[in-house]
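Only one structure is covered here, and it is reproduced in the block below.
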Amino acid sequence: MDERSLSQAELSRRLGRPAQAINEILAGKKEITEDTAIELERVLQVPAHFWLTREAQYREYLARVRAQQANKSAVPWLKAFPLKAMQTAGILPPGRLTAGFIESLVEPMLSFFGVASPEGWEAQYDQLQAQFRRARPAAQTDVAAITAWLRMGEIEAQRREVPPFDAAKLEAALPAMRALTVADAATIGRELTRLCAQAGVVLVFVPALQGTHVSGVARWLHGRPLIQLSLLGKWNDTFWFSFLHEVGHVLKHQSRRAVYLDDASSGDHTTSPDELEANRFASEVLVPTALVGELGQVALNEAGVRAWAAKVGLHPGIVVGQLQHRQLLPWAHPLTRLKARYDIQIKT
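The opening position of the sequence shown corresponds to residue 28 in the working numbering, with each subsequent residue numbered one higher.
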């Protein structure tokens, strides 16, 4: 307008619009429509797409200002998450957790969960939250941390392509899986992932987040079983029991709505029929009923444990874990040193 020495009054006359309407357009109170953009093109010789682009940019700016204001009210929701741990995991951008910086984390947190608002997060994870609280005493339930850990698994699982689930193939793979107990960590992670994938199961390894205390979870995601392991504690006897426990859920409990979240702190104290059945399944794969009698006769020294482990094709540390699990050996026993620690990371 200035370049063409047009006053608002003259622009109003040339457009055939009331002066009030022009004032509202210039003040950003009234939107520039497609028809108005074409009329401005005729009067000012500036293409209609210029006006429409500027209008869209301005409306987006206003929407982001409103979103920023809404983000202030989302800060209490945000603070429920283990922010520092999520920064370390690369989920959130690094920075000192000052009040101003924490507010800036609302947007990346919403993007991480793939939701538009805290209310969207509540709706998405409502069923899971109810299951968490039923499975755990309230004091031990950190729902925010657990949903973050689950979301990490969801994102990793989305990168995987597997065929339709085949329970027979998964069951047939159990001997090959058990044989991996004596392999190194890198081989175990790679081969278990491959064997699961061949049966249509997605297996992901996601480090535990602060406040989760979760060893693993089995659930259905987008029409396929997902097993997610945290490697909490990283001891090989715990790892194998947890993994086979989740496989047990996949094979025995095929409800596509259930989420079998296994609490590392619950140990052998669960009373859930499904959890007890998954425990029995894992124990049976590691030490079949036919070998239980022999296990009870193993000499409780390093030579005895190693000899029996070699005979049955298990890592000595897993034999120690099974002895402890079956209350044949105290948890605080020198033979615990035979257990190995795993650090498994599989990325696609």
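The beta carbon of each residue, even a glycine, is placed where N, CA and C say it ideally should be.
**Study point:** For F232, the residue or residues it bridges with in DSSP
**Key:** By 1-based counting over the sequence shown, the position of residue 232 is 205. BP columns for F232 point to L256.
Practice item. Could you check the C-alpha separation between P190 and E51 for me, to the nearest Å? Key: Numbered from its first residue, the sequence shown carries residue 190 at position 163. Numbered from its first residue, the sequence shown carries residue 51 at position 24. Each residue's Cα considered, the two are about 58 Å apart.
**Study point:** Whole-angstrom C-beta distance between V233 and M179, which should lie under 8 Å
**Key:** Here residue 179 is taken as the residue at index 152 of the sequence shown, counted from 1. Here residue 233 is taken as the residue at index 206 of the sequence shown, counted from 1. Indeed, because the Cβ distance is near 5 Å, the residues count as touching under 8 Å.
Check your understanding: Near C223, what residues of its chain come up, given a Cβ to Cβ distance below 6 Å and the 5 sequence neighbours on each side ignored?
Key -> Looking up residue 223 in the sequence shown gives position 196. Result list for C223: L230, in chain order.
Review point. Can you tell which of L219, T80 and T208 has its C-alpha closest to the C-alpha of G200?
Key: Here residue 200 is taken as the residue at index 173 of the sequence shown, counted from 1. Checking the displayed sequence, the identity of residue 200 turns out to be Ala instead of Gly. That would be L219, whose Cα lies nearest to the Cα of A200.
Review point. When DSSP labels each residue in this structure, what does W176 get in the three-state scheme?
Key: Here residue 176 corresponds to residue number 149 of the sequence shown, with the count starting at 1. Helix.
Exercise for review: Measure the CB-CB distance between G275 and R307 and report whether it falls below 9 Å.
Suggested key: The sequence position of residue 275 within the sequence shown is 248, counting from 1. The sequence position of residue 307 within the sequence shown is 280, counting from 1. Yes, they are a contact pair.
Practice item. Would you kindly check if the distance between the Cβ of V339 and the Cβ of V346 is under 9 Å? Key: For this step, residue 346 is matched to residue 319 along the sequence shown. For this step, residue 339 is matched to residue 312 along the sequence shown. Yes; because the gap between Cβ atoms is below 9 Å, this pair is in contact.
Review point. Quick one: does the C-beta of I345 sit closer than 8 Å to a heavy atom of the ligand HEM?
Key: Among the components of this structure there are no ligands whatsoever, and the ligand HEM is therefore not found.
**Study point:** Status (buried if at least 16 other CB within 10 Å, exposed otherwise) for S242
**Key:** For the purposes of this step, residue 242 is taken as the residue at position 215 of the sequence shown. With 16 or more other Cβ atoms within 10 Å, it is buried.
Check your understanding: Ends of the alpha helix (DSSP H) at W335?
Key -> For this step, residue 335 is matched to residue 308 along the sequence shown. Taken as a continuous stretch (DSSP letters only), the alpha helix (DSSP H) holding W335 covers E329 to V339.
Practice item. Could you spell out where the beta strand (DSSP E) holding G243 opens and where it closes? Key: Here residue 243 is taken as the residue at index 216 of the sequence shown, counted from 1. Looking at the DSSP string, the run of the beta strand (DSSP E) that includes G243 is V241 to L248.
**Study point:** Rounded C-alpha distance that separates R1 from T174
**Key:** The first residue shown for the chain is 28 and the last is 375, placing residue 1 beyond what the model contains.
Practice item. If I'm right that W176 touches T239 with Cβ under 8 Å, what's the distance once you round it to whole angstroms? Key: Working through the sequence shown from its first residue, we reach residue 176 at position 149. Working through the sequence shown from its first residue, we reach residue 239 at position 212. At roughly 5 Å, the Cβ-Cβ gap stays under 8 Å, so W176 and T239 are in contact.
Exercise for review: Tell me, to the nearest whole angstrom, how far the beta carbon of W267 is from that of L318; I am working on the premise that it is less than 8 Å.
Suggested key: Walking along the sequence shown from the start, residue 267 turns up at place 240. Walking along the sequence shown from the start, residue 318 turns up at place 291. Actually they do not touch by this definition, with Cβ atoms about 15 Å apart.
**Study point:** Local conformation of R221 per DSSP, three classes
**Key:** Indexing the sequence shown from 1 puts residue 221 at position 194. Correct three-state label for R221: helix.
Check your understanding: Helix, strand or coil: which one does DSSP assign to L288?
Key -> Taking the first residue of the sequence shown as 1, we reach residue 288 at position 261. In this structure, L288 counts as strand in the three-state DSSP scheme.
Point to revise | Residues near I59 in its chain [Cβ-Cβ closer than 8 Å; skip 5 each side] | key: To locate residue 59, count along the sequence shown from 1; it is residue 32. Cβ within range, chain order: I52, L67, W78, L79, R81 and E82.
Exercise for review: Quick one: measure Cβ to Cβ for A172 and L236, integer angstroms, because I've assumed they're closer than 8 Å.
Suggested key: Taking the first residue of the sequence shown as position 1, residue 172 is located at position 145. Taking the first residue of the sequence shown as position 1, residue 236 is located at position 209. Their Cβ separation, rounded to whole angstroms, is 5 Å, which keeps A172 and L236 in contact under 8 Å.
Review point. By DSSP, does R69 sit in helix, in strand, or in coil?
Key: Locating residue 69 in the sequence shown gives position 42, where the first residue counts as 1. Three-state DSSP puts R69 in a helix.
Point to revise | Under the three-state DSSP convention, the category R251 falls into | key: As a position in the sequence shown, residue 251 is number 224, starting the count at 1. Three-state DSSP puts R251 in a strand.
Review point. Which ranges does the alpha helix (DSSP H) cover as unbroken runs of at least 4 residues, wholly within the region 99-125, from first to last along the chain?
Key: 102-105 and 110-115
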